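Right, one structure below, let's go through it.
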């Protein structure tokens, strides 16, 4: 496996967050080559294109990508979405972990899996005389592909407690198909499985924080489930998102650029990007380095060495320095 990672800073808070991720990766290992590409408005200012050909050429050698958020062009076309389609990134996983007891339910560590939809091809809205007709095309094969990757990941890390969330009282046919494929990939004699209506799960989760290690959710409701899990573990923006396919994976640890309204410049929280580095290292087979990054991040939170949005006072750079110091100590 090629140990190269393509970093694309993007716009807004992207450069600050991606720089932290690069620094952490370099501190954890010298076995991974860092490659730089451009995307977004900053790329357009430099090259005239939001997704330059030079960036696309780098994908022949870089199968792992991390991108910052971007300002969309006036056409509304999203170059990050274009990448997910061209690279066939058909699954999406978001990882939620409680980093400190004051932020959420202690000990929670949950991966949320779902399909990554091509909205233009699979979902349509058509204006009628009296309203709007919504339609969505669902393929059983799409569920199979996503669940196969989730199963491979669970087998790799020994994950056994898995839940399936559906909306069978509202979409009985598609929910039934999702449930059928779930049972095929996660048989109850090999996994500790639960199948629930997503509303019942959300209601229960407010009173009793979920204890699953892995959740697979029908795609129409995955963002709502992500919101619940974000509340359970701290904040949604602390959880990194990864788009996954058979050949490529792309990490998108930042919200859209207007997210920097929440945080003062210089104090952006790079936690999701640093968590993504741990995942990248693990994917590349560098397990000791992956654990060192995640343990260092958790240690910083437990000792209240944090950015202001989560109760600390450190700048982005100072917080990253703390993580790097912890990593080097663990790997010494």
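Numbering (my numbering), first residue to last: 786 to 1117.
From the three backbone atoms N, C-alpha and C, an ideal C-beta is built for every residue, glycine too.
All figures in this text were calculated on a predicted structure; none of them were measured in a lab.
With respect to residue 925, residue 966 sits close: the two C-beta atoms are nearer than 8 Å. Around the CB of residue 911, fewer than 16 other CB atoms lie within 10 Å, so the residue is classed as exposed. Taking a 10 Å sphere around the C-beta of residue 880, we find 16 or more other C-beta atoms and assign the residue as buried. Judged by pairs of C-beta atoms under 8 Å, the segment 824 to 844 does not touch the segment 801 to 808, as fewer than three such pairs exist.
For residue 1059, the CB contacts under 7 Å within the same chain, skipping 5 residues up- and downstream, are 805, 806, 809, 1078, 1082 and 1108 in chain order. For residue 857, the three-state secondary structure derived from DSSP is coil.
Annotation: the continuous alpha helix (DSSP H) that includes residue 1007 extends over 1007 to 1018. No residue range can be given for residue 954, since it is assigned to no beta strand (DSSP E) and is classified by DSSP as neither H nor E. Per the DSSP secondary-structure output, residue 894 pairs in a beta bridge with 882.
Put simply, the backbone Cα of residue 945 is about 19 Å away from that of residue 951.
The three-state reading of DSSP puts residue 792 in strand, counting E and B together. Closest in C-alpha terms to residue 953, from the list 820, 984, 890 and 849, comes 984. About 5 Å separates the Cβ atoms of residue 947 and residue 999, confirming a contact at the 8 Å cut-off. Residues 950 of the same chain have their beta carbon placed closer than 6 Å to that of residue 986, with the five preceding and five following residues left out of the count. Put simply, the segment 1022 to 1039 touches the segment 845 to 863. At least three CB pairs are less than 8 Å apart. Boundaries of the alpha helix (DSSP H) around residue 802: 799 to 813. Distance from the CA of residue 1028 to the CA of residue 872, rounded to the nearest whole angstrom, comes to 10 Å. Residue range 925 to 942 is occupied by the alpha helix (DSSP H) that includes residue 928. Proximity to residue 1057 across 995, 934, 1110 and 1105 peaks at 1105, based on C-alpha coordinates. Residue 961 has its alpha-carbon roughly 43 Å from the corresponding atom of residue 817. Rounded to whole angstroms, residue 898 and residue 1011 show a C-alpha spacing of 10 Å. Excluding its 5 nearest sequence neighbours in each direction, residue 1097 has C-beta neighbours in its own chain below 7 Å: 1089, 1090 and 1091, listed in chain order.
CA-to-CA, the gap between residue 847 and residue 789 works out to about 5 Å. As DSSP reads the structure, residue 821 sits in a beta bridge with 792.
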